[in-house]
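What follows is a short report on a single structure.
Residue numbers (the numbering used here): 7 to 614.
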């Protein structure tokens with residue numbers, strides 16, 4: 007895969023370098039296809055009758071001691087055919103090894119030049135008869151190797167195009183001047199492949215470090231502007247992830263992509279809540295800088311594992327262009343590069359050049375492709391229209407309440423009875439019974455569906471109840487100016503389980519999260535189940551402490567995948583310690599058989 011890193015040369019501050027890193031596995035695949043196109047994997051380099059030939063198979067490229075080598079298994083014969091046989095033929099089987107020098111020609115094509123070669127037999131020894139083998143190798147293999155060409159112009163054009171879309175109006179002339187000086191320095195070898203150094207000259211002033219921009223939390227109007235500004239970035243990530251998920255059916259890679267998407271979204275929540283300071287300037291640029299390396303590592307690892315197959319060129323171009331933008335921004339901050347919507351759109355289309363859909367399309371609808379990609383259950387059916395609020399407890403006789411306490415009713419039925427209900431003090435006990443039944447029902451459903459390890463089933467059940475209590479004190483609805491509305495935090499977390507609309511965009515129906523308490527409860531339970539299986543159990547089993555599973559799971563629920571071990575960190579922020587401590591107190595109370603008190607939002611243990 008192609009990687010681009012950029013750093014200024016200390017000896018010449020105005021010279022910057024973009025090393026195009028061509029992975030050895032990509033180059034080997036390209037050379038193998040050139041020598042012997044699929045499905046045939048034996049290259050017949052020379053054939054004259056049945057007794058005169060040179061064939062090769064299993065070609066390989068490798069870096070050894072800083073040098074590029076081509077090796078291939080080969081077989082050769084030199085003789086005269088007589089009556090269908092080859093009497094007295096000279097034959098050989100073994101390995102051909104060729105030392106190569108690489109260069110870029112004037113047409114921006116990677117080429118190879120032969121430096122040295124040797125031939126050994128199948129035992130690794132020099133064959134007794136080598137004359138005809140050397141002759142065949144020099145006449146038929148060497149020209150083929152030197153005829154190989156890998157066109158670097160397309161990725162170079164994508165890089166240049168992306169850089170141009172990212173230049174501010176007052177930096178266009180300076181960028182064009184720099185691009186006009188681009189040259190290729192001698193190719194270097196690296197542990198993972200070849201490095202093609204592209205050098206550019208920029209004005210001295212552009213490589214000087216810029217003063218840090220002022221940082222401050224955003225006010226409500228600025229938060230709304232920020233949210234609109236980062237929507238194209240989120241749409242870009244979703245597009246790239248869906249394309250990768252469609253190209254590669256691999257559980258490990260999909261888990262990595264899910265982790266990356268969710269973590270990148272959680273990163274925004276402190277800003278949207280007005281809690282975290284934000285630097286002035288382009289907000290998408292900061293997100294790009296923070297997130298790009300993780301995304302490229304996922305794609306690079308997929309390439310190393312051979313998962314990209316025929317798509318490797320598209321991913322190479324995608325990664326190289328993104329790396330170039332990040333690198334030039336770091337090396338020449340004076341250019342003031344911006345991550346524009348046009349730039350993101352162009353970068354996204356390197357993954358899917360023929361795609362007609364706008365890769366930056368943004369909406370709040372459920373995305374079935376995204377849900378299926380990450381193994382989410384089908385969306386539940388819509389609830390039937392409800393009668394008036396006056397019916398709420400006319401049908402709740404004592405047996406019904408007892409059934410609710412035992413969790414025998416389906417979650418949807420509980421949801422109907424909780425619809426638009428903001429309980430008064432005298433109603434809290436009846437309300438508590440119904441919410442308990444609802445959360446127990448959705449937890450039981452997720453345990454059944456999720457094939458959860460039996461050791462963690464009870465832990466999960468307690469965690470669902472405790473998380474809802476910490477998040478909302480079991481409230482879905484509140485009164486706002488005399489009207490019933492849904493509970494919503496400043497960061498966009500909604501309802502009973504405080505499912506965040508930004509983090510879970512595309513996964514859940516926003517209107518149903520707001521107005522269907524059973525849907526909200528199920529969404530929160532699904533998220534907790536996923537986090538428990540993907541993060542919580544891993545933390546618990548690493549430390550051989552099952553009770554760490556709920557704590558790790560809730561830390562992720564609260565702050566994203568990077569927070570899985572937050573509760574163990576003595577240096578975590580005071581607010582984080584309070585949140586994690588409150589969850590643990592409530593969880594322990596529920597696990598010990600305590601009853602939820604909705605006046606204090608705690609679990610009260612029975613009197614002894």
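Ideal placement from N, C-alpha and C gives every residue a C-beta, glycine not left out.
What does residue i pair with, by DSSP beta-bridge criteria?
i	result
residue 98	82
residue 106	74 and 120
residue 444	Per DSSP, none; premise fails for residue 444.
residue 66	77
residue 524	None, per the DSSP bridge assignment.
residue 499	506
residue 537	According to DSSP, residue 537 bridges with nothing at all.
residue 132	According to DSSP, which records beta bridges pairwise, residue 132 is partnered with nothing at all.
residue 5	Residue 5 is absent from the structure shown; the chain starts at 7 and stops at 614.
residue 156	116
residue 189	205
residue 60	52 and 82
Hey, could you find the ends of the beta strand (DSSP E) residue i is sitting in?
i	result
residue 492	489-492
residue 119	115-127
residue 429	Here residue 429 belongs to no beta strand (DSSP E), and DSSP marks it neither H nor E.
residue 603	601-603
residue 54	48-54
residue 567	Counting along the chain, residue 567 falls outside any beta strand (DSSP E), and DSSP gives it neither H nor E.
residue 205	199-207
residue 279	Unbroken run through residue 279: none, as it is neither H nor E.
residue 610	608-610
residue 468	Not the beta strand (DSSP E): residue 468 falls in the alpha helix (DSSP H), residues 463-478.
residue 171	Element bounds for residue 171: not the beta strand (DSSP E) but the alpha helix (DSSP H), 159-171.
Buried or exposed: residue i, going by 16 or more other Cβ atoms within 10 Å of its Cβ?
i	result
residue 89	exposed
residue 255	exposed
residue 365	buried
residue 468	buried
residue 300	exposed
residue 244	buried
residue 27	buried
residue 179	exposed
residue 393	Only weak support exists for where residue 393 lies, its pLDDT of 46 falling under 50; the coordinates are left without a value.
residue 523	buried
residue 520	buried
residue 211	exposed
residue 44	exposed
residue 132	exposed
residue 143	buried
With respect to the alpha helix (DSSP H) encompassing residue i, which residues constitute its N-terminal and C-terminal limits?
i	result
residue 371	Careful: residue 371 lies outside any alpha helix (DSSP H) and carries neither H nor E.
residue 148	148-153
residue 583	580-597
residue 380	Residue 380 -> no alpha helix (DSSP H), and no H or E assigned at all.
residue 196	Counting along the chain, residue 196 falls outside any alpha helix (DSSP H), though it belongs to the beta strand (DSSP E) covering 194-196.
residue 486	Where residue 486 is concerned, there is no enclosing alpha helix (DSSP H), although the beta strand (DSSP E) it sits in stretches over 483-486.
residue 351	347-355
residue 241	226-253
residue 545	543-548
residue 315	Unbroken run through residue 315: none, as it is neither H nor E.
residue 341	It is not in any alpha helix (DSSP H) - residue 341 carries neither H nor E in the DSSP assignment.
Note down, in chain order, each residue of its chain lying with its Cβ closer than 7 angstroms to the Cβ of residue i, except the 5 sequence neighbours on either side.
i	result
residue 461	552
residue 399	Low confidence applies to residue 399: its pLDDT is 43, below 50, so where it sits in the model is not reliable enough to give any reading.
residue 380	260 and 264
residue 38	65
Spatial neighbours of residue i within its chain, please: CB distance less than 8 angstroms, with the 5 preceding and 5 following residues excluded, ordered by chain position.
i	result
residue 349	168, 171, 172 and 331
residue 283	221, 222 and 223
residue 261	540
Grab me the residues of residue i's own chain with a C-beta within less than 6 angstroms of its C-beta, minus the 5 sequence neighbours each way, in chain order.
i	result
residue 556	465, 469 and 593
residue 139	82, 98 and 125
residue 68	75
residue 441	480
Does the region 298-313 come close enough to the region 24-40 that 3 or more CB-CB pairs lie under 8 angstroms?
-> yes
Is the number of C-beta pairs between the region 244-252 and the region 353-360 that are closer than 8 angstroms three or more?
-> yes
Should the region 480-489 be called in touch with the region 542-549, which here means at least 3 C-beta pairs below 8 angstroms?
-> no
Between the region 311-327 and the region 162-169, do at least 3 Cβ pairs fall closer than 8 angstroms?
-> yes
Is the region 284-297 touching the region 493-511, taking contact as three or more C-beta pairs under 8 angstroms?
-> no
Contact between the region 104-120 and the region 141-151 (3+ Cβ pairs under 8 angstroms) | yes
Counting Cβ pairs closer than 8 angstroms, one from the region 359-375 and one from the region 513-525, do we hit at least three?
-> yes
Can you find at least 3 beta carbon pairs, one from the region 69-79 and one from the region 93-106, that sit closer than 8 angstroms?
-> yes
Three-pair Cβ contact test at 8 angstroms for the region 339-346 versus the region 173-183 = yes
Indicate whether the contact test is met: 3 or more Cβ pairs, each with one atom in the region 224-240 and one in the region 48-63, closer than 8 angstroms.
-> no
Determine, using beta-carbon pairs with one atom in the region 487-505 and one in the region 273-281, whether at least three such pairs fall under 8 angstroms.
-> yes
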